[in-house]
Structure formats: structure tokens, C-alpha cells
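See below for the structure under consideration.
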Amino acid sequence: MGGGFSVHMQVLCGSDCKKVGTDRGVVAIVLAIIIVLVIVIVGYRLLESGYQEAMTYGGSEGGRVKEHGRNALCELFVSTDCGACPSAENTLSQMVDDEPLALVTMVIDKNEDAYRRALDYGIMYTPTAEFDFGYREIVGSRDESTYENAINACLQRNAPNVSVVNGAVKVDKDWINVTATIKNGENETFDGGFIIYIVAVHTEYTNSFGDTVVVPYAFLGYANKSSISLGARDALAINGRWHGSHSEDIAAIIAVHDGKNSITARIIYP
């Protein structure tokens, strides 16, 4: 019934056409049954559509970051002696609310793991935005449309249908515990990995100019970095733990990659 249905009805009447009255009664009954079936099918499809939309945009994700679907990951590398960095931070943090984007801000002179990540990319200047593990790189602070183009390029490329669902973050004093499920929607094996970033949604530091700067989604550390292999249509429960001092305003960002580029990412709040 995927594309609808049709009913073919043929009334055969010989020389005795007095049976038309009886045939009309049969036709009326058949038409009534058809109307009921149409109402049931249309109602089911409307309900199914509403359910799918709720699943797509519901949950604890921020903005348009979806539970089911692809989202771009941006690792934004900044430093405290960078005059242009606050502008890039502000633009990208606002886009998290409007675009399918997960943001991790790496303050390279405040966090050793952030500095090592910058070395992995060979970053020479701040701010530098790496989208989907370097699939697109933007050096310097740019306007929103430039970042949008990078996001769209990431989402339009061919990539496996892999998603992160059922995410949860629990805070136990200085311990952050993260759980989620990675689903492979392909009919073939997926080999790749995932990274769980722990971030402070809003944090402050004093830059080299003496100004107080609010950093969005500031990277604190990794809760897990692992390789995975998922069979066709398979799912895998994952978890991660991070220990350290933090504010109450924290979140986890889970990025799934194919060994080279991030495929999708999801922001999960406690």
C-alpha cells in the first residue's frame, strides 16, 4: 500500500436489467468499505509522519542537532592571545541553535589535550575551524554564511548511514558518565570509531588583553576514544567516563567517524 491503492469493479448485466437496484446496494456497501479504508490509511500515515518528526527533533539535543540524522562537527581552535577568536566563537555558538551543528571549542593554551589535537591538524593560526575532522577548514574569523557553506559541504558528501541515539549524561560529583547507542543503518558492515568530548557549555577566562571572554562548548577532555565495527543494521551500546573539576553547565558531544572524517555528531545534555 506504499503508493496508494485502486479498486476495479465490473457489474455484468444481461438482458434482465431489473437487478440494477440490487447491484447498487452492493456498490454502496463496497464504496463504504473503501471510504473507511482510506480514512484508516490516511490517519495512520499522518500519525507516522508526526511520530517521525518528533523523533527527529525531540530529545535533549540543542537547536537543530538531530537524534536521527547527520550533523556536522566543528572543532574550533582558539587561544587567549587571539583578538579575532571571540568573534568566531560567538558566531558558531549562535549557529548551534539554528543549524545541524555540534561545536567543540579547543582553547589550545589552556588545555593540553586541545593543544595536542591542534598539532594533529597542523594548525598554525587561531581561530581555525575544522569541520568533520578536516573535511573543511576555515582559518580566521568569518561570517555565518562561510560557516554555513562548510556545514552544507559536510552534510552533502556521501557517508554511511550511522546515527547516535539514546544518549544520556549523568554527573556524579567530579565524574561525568556518558552512555549512548550507535546504530548502523547500512546493509553492510561499518568500520570506524567514535570520540566522546566533554565540554563546558559556557565558561569564562581572562584573555591576554585583560578581557573576560565567555567560551561556548569549551573542551574539557575525552570520555572515550575507541574503534568500532558494526554489522549490517546492527547497534552498539557505548559509554565513557571523565573525571575532573567542572561547572554544572556541562555536556557531552559524541562524534562517529569512518577513520578519516566525522560522519555525524550529537550534543547530549544531563
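Here the sequence shown is numbered in the numbering used here, starting from 531 and rising by one per residue.
Glycine included, every Cβ here is placed at the ideal spot set by N, Cα and C.
The model shown is predicted, which means the values in this text are computed figures rather than measured ones.
Whole-number beta carbon distance between residue j and residue i, since they are thought to touch under 8 Å
i	j	result
E619	V745	6 Å
V634	V729	6 Å
M782	I798	A quick correction: the sequence has Ala, not Met, at residue 782. Confirmed, about 5 Å.
V786	G722	6 Å
I712	I758	7 Å
Residues near residue i by beta carbon distance below 6 Å, same chain, minus five either side
i	result
Y665	C684 and N791
P800	V699 and V701
T621	E674
W772	I706, I728, G751 and A753
S738	T610 and D611
A765	T711 and K713
CB contact flag (residue i, residue j, <8 Å)
i	j	result
Y735	T610	yes
A710	I653	no
V731	D779	yes
D704	S777	no
Y747	S623	yes
D662	A602	yes
S671	A632	no
F724	L760	no
Option in the options with minimal Cα separation from residue i
i	options	result
A689	R647, H776, I798 and E718	E718
R763	S775, S693, K703 and G751	S693
I681	N737, R600 and W772	R600
E678	N696, K640, F720 and E629	E629
C604	P657, N737, G740 and D643	P657
A644	L760, G761 and L750	L750
I793	G697, N691 and D741	N691
A795	V695, E667, I668 and K640	V695
Residues of its chain near residue i, where Cβ-Cβ distance is below 7 Å and the 5 sequence neighbours each way are ignored
i	result
G770	V708, I726, A753 and N754
A648	F607, M636 and I638
M625	L631, E674 and Y677
Q686	none
N641	F749
S756	G723 and F724
C612	T656 and P657
Cβ neighbours of residue i in the same chain (closer than 8 Å, five flanking residues each side left out)
i	result
T742	E734, Y735 and T736
F655	A quick correction: the sequence has Tyr, not Phe, at residue 655. Closer than 8 Å at the Cβ level, and outside the excluded window around Y655, lie V669 and G670.
Query - beta strand (DSSP E) runs wholly inside the stretch 682–737, at least 3 long, in chain order - result: 692–702, 705–714 and 720–736
**Report entry** 4-residue-minimum alpha helix (DSSP H) runs that sit fully inside the stretch 624–677, ordered along the chain
**Finding:** 642–651
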